[in-house]
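S.K.: Chains as they are written, first to last, in the working numbering: chain F, 4 to 320; chain D, 44 to 489.
From the three backbone atoms N, C-alpha and C, an ideal C-beta is built for every residue, glycine too.
This is the structure I have questions about; it appears just below.
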Amino acid sequence: MATVTATVPGPRARARHWFAGFAQRETWAAFAFLSPWLFGFFVFTAGPMIASLILSFSDYSVIQTTHNVGWDNYHHLVHDPKVRSAMKTTLIYTVMVVPAHVVLSLGLAMVLARIGRLAGVFRTIFYLPVMTPAVAVGVLYLLLFNGDHGLINSGLGLVGIHGPFWETDPHWVKPSLVIMHLWKVGASVVILLAALMAVPQHLYEASAMDGAGKWRRFWDVTVPMISPALFFIIIINTIAALQTFDEVYTAFFNASTPFGTDATLFYSIYLFQEAFVNFHMGYASALAWGLFLVIAVVTAIQVYGSRRFVYYEGDKR
Amino acid sequence: MQGWRKSLAFASLIAALGVLAFAATLASAHSTTTKAGSLNIMGFGTGDDVAESRAAIATKAAGATVNRPSGGFNDQQFLAAVASGNPPDLVYLDRQKVGTYAAKGAFVPLTSCIKSQKISTKQYRIPGLNEVTYKGQIYGIPEFYDVRTILVDNNVLDQAGVKLSGLDTSNWPRLLATAKKLVKIENGKVTRIGFDPKIPEFFPLWAKANGVDILSKDGLHPHLNDPRAVAALQFAVSLINAQGGWDKFKSFRDTWDFFGSNNEIAADQVGAFPMEQWYYNVLAGSSPKVHITALQFRNKKRQPINYETGSAWAIPKGSKNPQAACTWMKSMTSVSTWLAAAKNRAQIRKAKNQPYTGISTGNALADDAIYKQTYTSINPFFDQTVKKVLDVQRFSFNVPASPASNEFRTAWNDAINRVLAGQQTAKAALDQAQKESVAAIKAATK
Chain F
4 MATVTATVPG
14 PRARARHWFA
24 GFAQRETWAA
34 FAFLSPWLFG
44 FFVFTAGPMI
54 ASLILSFSDY
64 SVIQTTHNVG
74 WDNYHHLVHD
84 PKVRSAMKTT
94 LIYTVMVVPA
104 HVVLSLGLAM
114 VLARIGRLAG
124 VFRTIFYLPV
134 MTPAVAVGVL
144 YLLLFNGDHG
154 LINSGLGLVG
164 IHGPFWETDP
174 HWVKPSLVIM
184 HLWKVGASVV
194 ILLAALMAVP
204 QHLYEASAMD
214 GAGKWRRFWD
224 VTVPMISPAL
234 FFIIIINTIA
244 ALQTFDEVYT
254 AFFNASTPFG
264 TDATLFYSIY
274 LFQEAFVNFH
284 MGYASALAWG
294 LFLVIAVVTA
304 IQVYGSRRFV
314 YYEGDKR
Chain D
44 MQGWRKSLAF
54 ASLIAALGVL
64 AFAATLASAH
74 STTTKAGSLN
84 IMGFGTGDDV
94 AESRAAIATK
104 AAGATVNRPS
114 GGFNDQQFLA
124 AVASGNPPDL
134 VYLDRQKVGT
144 YAAKGAFVPL
154 TSCIKSQKIS
164 TKQYRIPGLN
174 EVTYKGQIYG
184 IPEFYDVRTI
194 LVDNNVLDQA
204 GVKLSGLDTS
214 NWPRLLATAK
224 KLVKIENGKV
234 TRIGFDPKIP
244 EFFPLWAKAN
254 GVDILSKDGL
264 HPHLNDPRAV
274 AALQFAVSLI
284 NAQGGWDKFK
294 SFRDTWDFFG
304 SNNEIAADQV
314 GAFPMEQWYY
324 NVLAGSSPKV
334 HITALQFRNK
344 KRQPINYETG
354 SAWAIPKGSK
364 NPQAACTWMK
374 SMTSVSTWLA
384 AAKNRAQIRK
394 AKNQPYTGIS
404 TGNALADDAI
414 YKQTYTSINP
424 FFDQTVKKVL
434 DVQRFSFNVP
444 ASPASNEFRT
454 AWNDAINRVL
464 AGQQTAKAAL
474 DQAQKESVAA
484 IKAATK
């Protein structure tokens, strides 16, 4: 019996195939339509990234003459105690906020999936905070989380809980920022709701017939079926958490007299201070690449881990 | 196909008309430019009556088309403008920033401007000028002059049976005892602050009161961990700790309606605190019936001291119209312009039946003229505060211009926040701040 071996095209063949596409008008038309995005990408994303990479090896300060400093900025980055402190704050916050975000948004999406008609109204209500400007959220944070006179602690007081000093106690600042962040889960709720609605009902019926209970159906049907959406939310929110800036900056640093401490000095805030307060643009560029590296590593780990947990329909695993 | 071509032709026609209209607008804008060219100012957007009435006079004097985009001075915006090779012709900013930009060569010395326009520097208050002088050269023209006195709520003192003499900042044990008498804590919550030391922002004042300048006159040598500075911080923090501690203290202070009619003085929520003079003007507008007293801040030797700050005008390197910029600065800060603005404000206040407390400027001659010619008695309380503000102006000191002003300020500000949050002792925090600021100044002067 003859065996048929599938031949995988080599890189040369693939390149030839890719270039051959340009012989067709449709390829040119496709690139013409893509050109606005490509232009934006090269001018506003790739260009500045390359520029910042070059600047990270200099002492660029906008105003003074720029000199090449080799790896000095990266050497300083590794030994700067503020970088360690800011990165620690950022990572702790990320570890706290991402799971909380996923659990809450999934919970809300599941509730919305059950309530039928009014789901549209609630979906809008949940989404509204997403559109609130970050500066307003920062100011609102100060009002809501005021230790003795804020709404949160007043509410806790009604049930006999003496709330902490969220804004001034270094141990409670990060949890309070996490709670504030959860106010904006609307976008994830909408994505997860769409994923939940797309889960085929017959899978639930079949598993029910097999005697699976509610929890079993949730873990063995719902979670695998919505795992791509969950994975997307985890990735996006991890990146956003590692880049946290605006709400925290507004609440603690954006005043003539900032009250920020190490507990609120996030990596992006330190980066901003180095660039636009102290004019160390070269060092700030190195800090930006440091953050890029951390995000890339964390994302790579998540992508690698997702191979075991994320199920795509049609996937053979 | 025919339709497609027609659409394309129509779209081209519309685009061509758009380009023509845009060109016409540019041409028309250009035609309105006056002989003295245009003057682009950053950091001086539309302001209050004092700003606008002076701007009208200065615009006339400069004879240029003045562009003033909205908003205050923004470092990010300024750096972007410099990086793009299109810096503004003139900037209006906090005096404390001038030294940093001067050290980096972003501002030009005003020697030739002062000489050519025959600007008398003697008219400006010396501490204000010191703030904008770097390595012996003047880089800015001082504008407003913020004076700090102790604002006292007489009602609170009466309620607590405390005399004004108890608020003597030269006698720390007595001041601490007074703060304890004035503070009110109900059900574990602070409901009235006795004496607010206003740290971190007024730390230079407390250090000076204890006999030390936090930065040397040349702006190159910080004295943050000087034992006297450490003791000053320890005392200021002890004041807060004696009034419920930082958590409760700040929590209550954050609820104040600072600019409203139910502000902390009108609501008797504070006994006393050091404050800039402009706040008397706010109180005059929002709650003119308050019973207040202004006291001078005294050092340990019982001498009055005043920590001054304010704003300034400066010309960036690359300014395309330094001539008009210089004329504008001179006009904005001249005696006649300040006086005109003060008269205008007095009239506005009179029309609204609101008290007028004067204007505190960086020009000593202007202040004399303003208070002699425009101030009329309001009531014994506001009259006393105005007199006190004028009295303390001559006892002013300033934090000198430094090549690393921002880093220096961040260093001591962060240090105090760490102490307030209970993360470090005053000594450890100021040691760290000293180390950070020495490194920053060293890097800035490399």
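What residues from the region 267-297 of chain D come within 8 Å of chain F, judged by C-beta to C-beta, listed N to C?
M.R.: Trp289, Asp290, Lys291, Lys293, Ser294, Phe295, Asp297
S.K.: Using three-state DSSP, classify D/Lys332 as helix, strand or coil.
M.R.: coil
S.K.: Where DSSP assigns a beta bridge to D/Asn349, which residues make up the other side?
M.R.: D/Ser439
S.K.: Who does D/Trp356 pair with in a DSSP beta bridge?
M.R.: D/Tyr135, D/Ile184, per the DSSP bridge assignment.
S.K.: Using the C-alpha atoms, what's the distance from D/Tyr188 back to F/Leu161?
M.R.: 48 Å
S.K.: The alpha helix (DSSP H) with D/Thr453 in it runs from where to where?
M.R.: 448-463
S.K.: Quick one: list the residues of chain F neighbouring D/Leu122, beta-carbon separation under 9 Å, in chain order.
M.R.: Ser64, Val65, Ile66, Ala278, Phe279, Phe282, Met284
S.K.: Looking at D/Leu133: is its Cβ nearer than 8 Å to the Cβ of D/Leu82?
M.R.: yes
S.K.: Is it right to say F/Ala291 is buried, meaning 16 or more other beta carbons lie within 10 angstroms of its own, or is it exposed?
M.R.: Label assigned to F/Ala291: buried.
S.K.: Run down chain F in chain order and give the residues with a C-beta less than 9 Å from the C-beta of D/Glu229.
M.R.: Going along chain F, no residue has its Cβ under 9 Å from D/Glu229, so there is no contact; the nearest lies around 11 Å.
S.K.: DSSP state of D/Val193, grouped into three classes?
M.R.: Here residue 193 of chain D is Ile; the residue named in the question, Val, does not match the sequence. Strand.
S.K.: Does F/Asp265 have its Cβ less than 8 Å from a Cβ in chain D?
M.R.: Yes, F/Asp265 lies at the interface with chain D (some Cβ there is under 8 Å from its Cβ).
S.K.: By the 10 Å Cβ neighbour count, where 16 or more other Cβ atoms means buried, how is D/Phe238 classified, buried or exposed?
M.R.: buried
S.K.: Flag this pair as touching only if the region 424-433 of chain D and the region 448-463 of chain D have three or more C-beta atom pairs under 8 Å; answer yes or no.
M.R.: no
S.K.: Pairing CB atoms from the region 189-201 of chain D with CB atoms from the region 328-348 of chain D, are three or more of them under 8 Å?
M.R.: Below 8 Å, enough C-beta pairs join the region 189-201 of chain D and the region 328-348 of chain D to call them touching: three or more.
S.K.: Quick check on F/Phe125 - is its C-beta less than 8 Å from some C-beta in chain D?
M.R.: no
S.K.: Quick one: which chain D residues come within Cβ less than 9 Å of F/Leu145?
M.R.: Per Cβ cutoff of 9 Å: Asp297.
S.K.: If we count Cβ pairs, one from each stretch, closer than 8 Å, do we get three or more for the region 176-186 of chain F versus the region 214-227 of chain F?
M.R.: The region 176-186 of chain F vs the region 214-227 of chain F: no contact.
S.K.: At a CB-CB cut-off below 9 Å, which residues of chain D make contact with F/Asp172?
M.R.: Asp290, Ala464, Gly465
S.K.: Pull up the distance between the alpha-carbon of D/Gly401 and that of D/Glu186, whole angstroms please.
M.R.: For D/Gly401 and D/Glu186, the distance between alpha carbons rounds to 15 Å.
S.K.: Using a C-beta cutoff of 8 Å, does F/Phe129 count as contacting chain D?
M.R.: no
S.K.: Figure out for me which residue from F/Val306, F/Leu196, F/Ala35 has the closest Cα to the Cα of F/Ala116.
M.R.: F/Leu196
S.K.: Just to confirm my understanding: we take D/Val255, look at its own chain, exclude 5 residues before and 5 after, and list those with CB closer than 7 Å. What are they?
M.R.: His266, Asp269, Arg271, Ala272
S.K.: Looking at the structure shown, is D/Ala70 part of a helix, part of a strand, or coil, going by DSSP?
M.R.: Legend: pLDDT at D/Ala70 = 41, less than 50; position of this residue unreliable, value from coordinates given subsequently. Note: D/Ala70 maps to helix in three-state DSSP.
S.K.: Are the beta-carbon atoms belonging to D/Ile242 and D/Thr234 less than 8 Å from one another?
M.R.: no
S.K.: On the three-state DSSP scale, how would you describe F/Ser288?
M.R.: helix
S.K.: In whole angstroms, what is the alpha-carbon distance linking D/Lys489 and D/Gly262?
M.R.: 15 Å
S.K.: Return the residue from the list D/Asp92, D/Gly86, D/Phe87 that minimises the CA-CA distance to D/Gln390.
M.R.: D/Asp92
S.K.: Under 8 Å, do F/Leu233 and F/Leu294 count as touching if we go by C-beta distance?
M.R.: no
S.K.: Using C-beta distances below 6 Å, list every residue in its chain close to F/Ala266, excluding the 5 sequence neighbours before and after it, in chain order.
M.R.: Excluding the 5 residues flanking it on each side, F/Ala266 has same chain C-beta neighbours closer than 6 Å at Pro173, Val176, in chain order.
S.K.: Given this structure, state the Cα-to-Cα distance separating F/Val65 from F/Phe125, to the nearest angstrom.
M.R.: 49 Å
S.K.: Given this structure, state the Cα-to-Cα distance separating D/Ala145 from D/Pro446, to the nearest angstrom.
M.R.: 7 Å
S.K.: Does the beta carbon of D/Val505 sit closer than 8 Å to a beta carbon anywhere in chain F?
M.R.: What the structure shows of chain D is the stretch from 44 to 489, and residue 505 of chain D is not part of that stretch, so it cannot be assessed.
S.K.: Would D/Thr453 count as contacting chain F if we go by Cβ distances under 8 Å?
M.R.: yes
S.K.: I need the straight-line Cα distance from F/Tyr315 to F/Ala190, nearest angstrom please.
M.R.: 22 Å
S.K.: Is the region 319-326 of chain D close to the region 106-121 of chain D, with three or more CB pairs under 8 Å?
M.R.: no
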